[in-house]
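Residue numbers (the UniProt record's numbering), protein chains in the order written: chain Z, 1 to 359; chain D, 1 to 359.
Number of protein chains: 2
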Amino acid sequence: MTNIEVKTRVKQYQIKIMINSLHHLGTLVTKVWCARQVAVVTDTNVGPYYAKLVTDELTAAGFKVRVMTVPAGEESKSWSQVQSLINQLSAAHFSRSDGVLALGGGVVGDLAGFVASIYMRGIALIQVPTSLLAQVDSSVGGKTAIDLPTGKNLVGSFYQPDLVVIDPAILVTLPPRMLAEGYGEIVKCAALVGGDFWQSLHQITSVAAILPAAPDLIAASVAFKARVVMADEHEQGQRQLLNFGHTIGHAVELLADGQLMHGEAVAIGLVQVCRLFAAHGLAPTSLTSTLKARLMAVGLPTELPPIAPQAVVAVMQHDKKVHGAALTWVYLSAVGQPHLYPIAVKDLATWMGDLWSVS
Amino acid sequence: MTNIEVKTRVKQYQIKIMINSLHHLGTLVTKVWCARQVAVVTDTNVGPYYAKLVTDELTAAGFKVRVMTVPAGEESKSWSQVQSLINQLSAAHFSRSDGVLALGGGVVGDLAGFVASIYMRGIALIQVPTSLLAQVDSSVGGKTAIDLPTGKNLVGSFYQPDLVVIDPAILVTLPPRMLAEGYGEIVKCAALVGGDFWQSLHQITSVAAILPAAPDLIAASVAFKARVVMADEHEQGQRQLLNFGHTIGHAVELLADGQLMHGEAVAIGLVQVCRLFAAHGLAPTSLTSTLKARLMAVGLPTELPPIAPQAVVAVMQHDKKVHGAALTWVYLSAVGQPHLYPIAVKDLATWMGDLWSVS
């Protein structure tokens with residue numbers, strides 16, 4: 001088992017990465033929670049596979065479990081699901097001493113985390129991410145969120161869990177497309193870190209190669225992310241580096257209207273931001289092809305879909321990462337050498353124009 | 001001007017108490033905020049009096065102001081108002097670098113504070129409380145909330161403002177009933193603190209006597225509350241003392257269905273909790289009449305309205321202050337001598353029964 005310790009200003013907790021950890025969940029949870037009611041929030045995809053195992057584990061450990069299932073998919077990151085879950089907690093008389101366990105991918109983690117953060121001004125939370133993307137990404141850092149029609153993750157909170165349990169064994173039930181998606185996030189982390197982590201990706205020449213390497217790749221990604229988050233909990237400095245590939249990625253994801261998964265959009269964003277900064281002379285051209293090769297090895301998309309440049313720019317102007325009149329980009333001058341680069345919102349269209357002229 | 005410094009784990013800010021501080025709001029705000037968009041959230045009672053002054057002050061200081069008005073009254077602490085305000089912020093392209101200024105009583109402070117805490121995972125907040133109750137109570141401590149049909153303040157966050165500006169001069173526009181309500185909260189603080197603060201209340205023999213004493217009474221109450229909050233930001237220990245009178249108060253308020261103001265319900269709660277603990281031999285009987293005299297001097301109610309004991313108990317079982325199977329009460333063994341006292345939820349009905357038998 002890999003244990004990664006996260007210390008924030010308000011909380012200290014562990015991320016446990018272990019094959020079959022789900023089969024020891026009761027024991028793991030009793031180390032951080034005394035007996036209480038637990039709302040296991042899951043979705044219609046994950047629930048049928050693991051809700052019973054989790055319920056049995058927690059019940060055997062003395063917890064009173066109530067499973068709350070939301071429809072699978074990004075649409076559940078909505079006000080109506082927040083209200084529905086909160087009404088269920090209230091109807092079941094959940095008190096401040098009870099807890100929420102998020103069992104699912106990023107959507108469930110974001111939604112259940114947000115609900116836990118605002119019900120009675122915050123009740124205890126444990127994250128059990130079940131997708132590769134959620135295991136390497138959204139379960140670490142305390143970000144919770146729901147979407148608005150005007151953009152993703154526009155409402156949410158920073159809220160740290162008491163424990164994160166990651167079981168790489170359950171990735172076998174993931175469709176290949178979702179494995180590849182999560183791997184895109186691992187490529188992002190490795191490109192930011194460089195060194196051995198980056199070198200280790202050369203063994204991943206297909207989606208099938210991800211599974212056996214998953215425990216190590218997850219541990220390396222999570223350890224990196226935990227380091228960054230500890231240094232900058234509220235995303236005012238270094239943590240912005242984690243947005244590498246997300247500026248274009250978020251916009252492309254929104255405009256693709258459900259046709260691209262988050263990790264796929266980020267894969268496109270990673271390659272395109274490298275290309276953009278290469279066009280501006282701030283990054284070597286070779287970096288674009290290097291990154292592209294790693295992502296294409298598992299079949300991830302790297303080229304922009306046919307969308308109007310103006311539409312991408314318009315979406316970016318509404319990005320949460322806009323601070324005042326500037327949008328802060330992340331680029332690499334080499335693998336392992338990330339930098340922040342603010343661009344005035346009014347100059348975005350001109351600056352981005354180069355992207356379409358060179359691609 | 002009285003300056004009270006509040007230091008929490010995540011933020012340090014000042015509470016400024018000064019006659020006519022609203023006329024210097026621009027200058028005060030520029031000390032904590034650089035130029036940005038500001039959403040002034042107010043309600044249909046307060047807006048007509050002060051929204052223009054606040055807008056002029058902020059505009060002259062270089063801020064871009066947008067006034068957002070909600071209907072006056074507790075009903076605005078609702079999901080629909082949260083969504084409406086967030087949609088307005090999003091439509092106006094508010095970014096993480098912009099801010100919310102809450103201009104109003106407790107409802108506006110709770111609602112606008114909650115919105116500020118979740119929009120883009122938290123944007124800057126300034127509290128300008130305009131009712132006496134909000135000035136002494138809800139603007140200090142970082143509690144934000146909305147209500148659910150099942151209870152008050154069941155959804156919310158702990159979110160600290162960058163600044164709190166209190167102008168006792170604007171209390172002249174308050175109806176006497178609201179002045180008395182806020183004074184009830186001052187009596188609560190003074191009873192917890194004791195000493196000179198408590199003694200100073202003997203000069204308040206009518207509602208009219210509140211206004212000239214307001215700056216000192218507010219300063220003493222806020223200083224006390226700030227001390228407690230600094231020691232226990234997330235209400236796990238000492239901060240629970242501030243719930244003195246609220247256990248019965250909240251239940252009575254809910255059951256009175258809008259007929260009692262919050263401070264009136266708390267006044268009843270203060271006297272009844274003293275009576276209850278006296279009946280159980282934990283407090284002197286004289287304390288009940290002492291407290292009652294201070295509250296009745298300004299016409300506050302102190303006796304239970306005709307409601308069924310079972311109803312009060314049923315509501316209490318759903319109180320946020322229920323931890324596991326116990327509800328933690330606050331009682332005084334003497335003025336200035338508060339204590340916490342947990343009672344098992346299953347014993348509440350029996351324990352409370354004494355209240356009706358002795359009153």
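We put the beta carbon where it would ideally sit given N, CA and C, even for glycine.
Checklist entry - For the 8 Å Cβ check, are there 3 or more pairs between the region 211 to 230 of chain D and the region 122 to 140 of chain D? => result With the cut-off at 8 Å, the region 211 to 230 of chain D and the region 122 to 140 of chain D touch.
Checklist entry - Does the beta carbon of residue 403 of chain D come closer than 9 Å to any beta carbon on chain Z? => result In the structure as shown, chain D starts at 1 and stops at 359, and residue 403 of chain D therefore has no counterpart that could be examined.
Checklist entry - Which residues, taken in chain order from the region 330 to 357 of chain Z, show a beta carbon closer than 7 Å to some beta carbon of chain D? => result Of all residues in the region 330 to 357 of chain Z, none has a Cβ within less than 7 Å of some Cβ in chain D.
Item to check | residue 12 of chain D, enclosing beta strand (DSSP E) - first and last residue | outcome: For the purposes of this step, residue 12 of chain D is taken as residue 12 along the second sequence, with counting starting at 1. For residue 12 of chain D, the enclosing beta strand (DSSP E) begins and ends at 12 to 17.
Checklist entry - So, are the CB atoms of residue 295 of chain Z and residue 285 of chain Z less than 9 Å apart? => result Locating residue 295 of chain Z in the first sequence gives position 295, where the first residue counts as 1. Locating residue 285 of chain Z in the first sequence gives position 285, where the first residue counts as 1. In this structure, residue 285 of chain Z does not lie closer than 9 Å to residue 295 of chain Z by Cβ.
Checklist entry - Is the beta carbon of residue 89 of chain D within less than 8 Å of some heavy atom of the ligand SAH? => result Looking at this structure, you won't find the ligand SAH or any other ligand, since it has none at all.
Item to check | Straight-line gap, residue 184 of chain Z to residue 264 of chain Z (C-alpha atoms, nearest Å) | outcome: As a working note, residue 184 of chain Z is residue 184 in the first sequence. As a working note, residue 264 of chain Z is residue 264 in the first sequence. Between residue 184 of chain Z and residue 264 of chain Z, the C-alpha separation is close to 7 Å.
Item to check | Contiguous alpha helix (DSSP H) assignments of at least 4 residues, all confined to the region 162 to 250 of chain D | outcome: Listed in chain order, the alpha helix (DSSP H) runs fully inside the region 162 to 250 of chain D are 176 to 193, 195 to 200, 210 to 231, counting runs of at least 4 residues.
Item to check | Start-end ranges of the beta strand (DSSP E) lying completely within the region 81 to 109 of chain Z, minimum 3 residues | outcome: With a minimum length of 3 residues, the continuous beta strand (DSSP E) runs that stay inside the region 81 to 109 of chain Z are 99 to 104.
Checklist entry - Among D/83, D/343, D/258, D/342, which has the Cα closest to the Cα of residue 116 of chain D? => result On the second sequence, position 116 is the one that residue 116 of chain D refers to. Nearest C-alpha to residue 116 of chain D: D/83.
Item to check | Chain-ordered neighbours of residue 50 of chain D on chain Z, where CB pairs are closer than 8 Å | outcome: Mapped onto the second sequence, residue 50 of chain D falls at position 50. Chain Z residues near residue 50 of chain D: none, gap ~28 Å exceeds 8 Å.
Checklist entry - Taking 9 Å as the CB-CB limit, is residue 186 of chain D close to chain Z? => result Start at 1 with the first residue of the second sequence, and residue 186 of chain D comes out as number 186. With 9 Å as the cut-off, residue 186 of chain D does not count as an interface residue toward chain Z.
Item to check | In DSSP terms, what residue 118 of chain D is bridged to | outcome: Counting from one through the second sequence, the residue named residue 118 of chain D turns up at place 118. Looking at the DSSP output, residue 118 of chain D sits in no beta bridge, so it has no partner there.
Item to check | Residue-chain proximity (residue 154 of chain Z, chain B), Cβ-Cβ < 9 Å | outcome: Note that chain B does not occur in the displayed structure, where the protein chains are Z and D.
Item to check | Close beta carbons around residue 239 of chain Z, own chain, < 7 Å, minus the five adjacent residues each side | outcome: For the purposes of this step, residue 239 of chain Z is identified with residue 239 of the first sequence, where counting begins at 1. Within the same chain, 228, 229, 232 come within 7 Å of residue 239 of chain Z by CB-CB distance, once the 5 residues on both sides are set aside.
Next on the checklist: What ranges does the beta strand (DSSP E) occupy inside the region 9 to 65 of chain Z, keeping only unbroken runs of at least 3 residues that lie completely in it?
Outcome noted: Here the runs fully enclosed are 12 to 17, 37 to 43.
Next on the checklist: Three Cβ pairs or more, each shorter than 8 Å: is that satisfied between the region 15 to 33 of chain D and the region 163 to 180 of chain D?
Outcome noted: Three or more Cβ pairs drawn from the region 15 to 33 of chain D and the region 163 to 180 of chain D lie within less than 8 Å of each other, which places the two stretches in contact.
Checklist entry - To the nearest angstrom, how far is it from the Cα of residue 258 of chain Z to the Cα of residue 251 of chain Z? => result By 1-based counting over the first sequence, the position of residue 258 of chain Z is 258. By 1-based counting over the first sequence, the position of residue 251 of chain Z is 251. Rounded to the nearest whole angstrom, the CA to CA distance from residue 258 of chain Z to residue 251 of chain Z is 12 Å.
Item to check | Bridge partner(s) assigned by DSSP for residue 127 of chain D | outcome: Position 127 of the second sequence, counted from the first residue, corresponds to residue 127 of chain D. Note: residue 127 of chain D is bridge-paired with D/102, D/164 in the DSSP secondary-structure output.
Next on the checklist: Helix, strand or coil for residue 157 of chain Z? Go by DSSP, reduced to three states.
Outcome noted: Against the first sequence, residue 157 of chain Z aligns to sequence position 157. Note: residue 157 of chain Z maps to strand in three-state DSSP.
Item to check | Under 8 Å by beta carbon: chain D residues contacting residue 83 of chain Z | outcome: Within the first sequence, residue 83 of chain Z is the residue found at index 83, counting from 1. Residues of chain D whose Cβ lies closer than 8 Å to the Cβ of residue 83 of chain Z are, in chain order, 79.
Checklist entry - Is the shortest distance between the beta-carbon of residue 13 of chain Z and the beta-carbons of chain D less than 9 Å? => result Residue mapping note: residue 13 of chain Z aligns to position 13 of the first sequence, counting from 1. Not an interface residue.
Next on the checklist: For chain Z, check one thing: does any of its Cβ atoms lie closer than 9 Å to the Cβ of residue 99 of chain D?
Outcome noted: As a working mapping, residue 99 of chain D is identified with position 99 in the second sequence. Judged by the 9 Å Cβ criterion, residue 99 of chain D is not in contact with chain Z.
Next on the checklist: Looking at the strands, I want to know which residues DSSP matches up with residue 337 of chain D.
Outcome noted: The residue given as residue 337 of chain D occupies position 337 in the second sequence. As DSSP reads the structure, residue 337 of chain D sits in a beta bridge with D/334.
Next on the checklist: Can you confirm whether residue 7 of chain D, when its beta carbon is compared against all beta carbons of chain Z, has any partner nearer than 9 Å?
Outcome noted: Translated into positions along the second sequence, residue 7 of chain D becomes position 7. Under the 9 Å criterion on CB atoms, residue 7 of chain D is classed as non-interfacial with respect to chain Z.
Checklist entry - At what residues does the beta strand (DSSP E) containing residue 2 of chain D begin and finish? => result Along the second sequence, one-based indexing puts residue 2 of chain D at 2. It spans 2 to 7 - the beta strand (DSSP E) in which residue 2 of chain D sits, taken as one unbroken run.
Next on the checklist: I want to verify the contact list: residues of chain D whose CB lies under 9 Å from the CB of residue 369 of chain Z, in sequence order.
Outcome noted: The question about residue 369 of chain Z has no answer, for chain Z in this structure spans 1 to 359.
Checklist entry - Are the Cβ atoms of residue 287 of chain D and residue 192 of chain D separated by less than 9 Å? => result Taking the second sequence and counting its residues from 1, the one referred to as residue 287 of chain D is at position 287. Taking the second sequence and counting its residues from 1, the one referred to as residue 192 of chain D is at position 192. Not closer than 9 Å, so no.
Item to check | Euclidean distance between Cα positions of residue 65 of chain D and residue 37 of chain D | outcome: As a working note, residue 65 of chain D is residue 65 in the second sequence. As a working note, residue 37 of chain D is residue 37 in the second sequence. Taking the Cα positions, residue 65 of chain D is about 6 Å away from residue 37 of chain D.
Checklist entry - What are the start and end residues of the alpha helix (DSSP H) that includes residue 295 of chain D? => result Translated into positions along the second sequence, residue 295 of chain D becomes position 295. Per DSSP, residue 295 of chain D belongs to the alpha helix (DSSP H) from 285 to 296.
Checklist entry - How would you label residue 189 of chain Z, buried or exposed, when you count the other beta carbons within 10 angstroms and need 16 or more for buried? => result Position 189 of the first sequence holds residue 189 of chain Z. Answer is buried; the Cβ neighbour count reaches 16.
Checklist entry - So the beta strand (DSSP E) residue 148 of chain D belongs to, where does it begin and stop? => result As a position in the second sequence, residue 148 of chain D is number 148, starting the count at 1. Note, residue 148 of chain D: beta strand (DSSP E), 143 to 148.
Next on the checklist: What does the alpha-carbon distance come out to for the pair residue 218 of chain D and residue 15 of chain D?
Outcome noted: Position 218 of the second sequence holds residue 218 of chain D. Position 15 of the second sequence holds residue 15 of chain D. About 11 Å.
Next on the checklist: At the level of alpha carbons, what is the spacing between residue 338 of chain D and residue 278 of chain D?
Outcome noted: On the second sequence, residue 338 of chain D is found 338 positions in, with the first residue counted as 1. On the second sequence, residue 278 of chain D is found 278 positions in, with the first residue counted as 1. Each residue's CA atom was taken as its position, placing residue 338 of chain D and residue 278 of chain D some 14 Å apart.
Item to check | Assigned secondary structure, residue 140 of chain D (DSSP; H/G/I helix, E/B strand, else coil) | outcome: Mapped onto the second sequence, residue 140 of chain D falls at position 140. Coil at residue 140 of chain D, not helix or strand.
Checklist entry - With 16 other CB atoms within 10 Å as the buried threshold, where does residue 206 of chain Z fall? => result Counting from one through the first sequence, the residue named residue 206 of chain Z turns up at place 206. Counting Cβ neighbours within 10 Å, residue 206 of chain Z comes out exposed, since fewer than 16 surround it.
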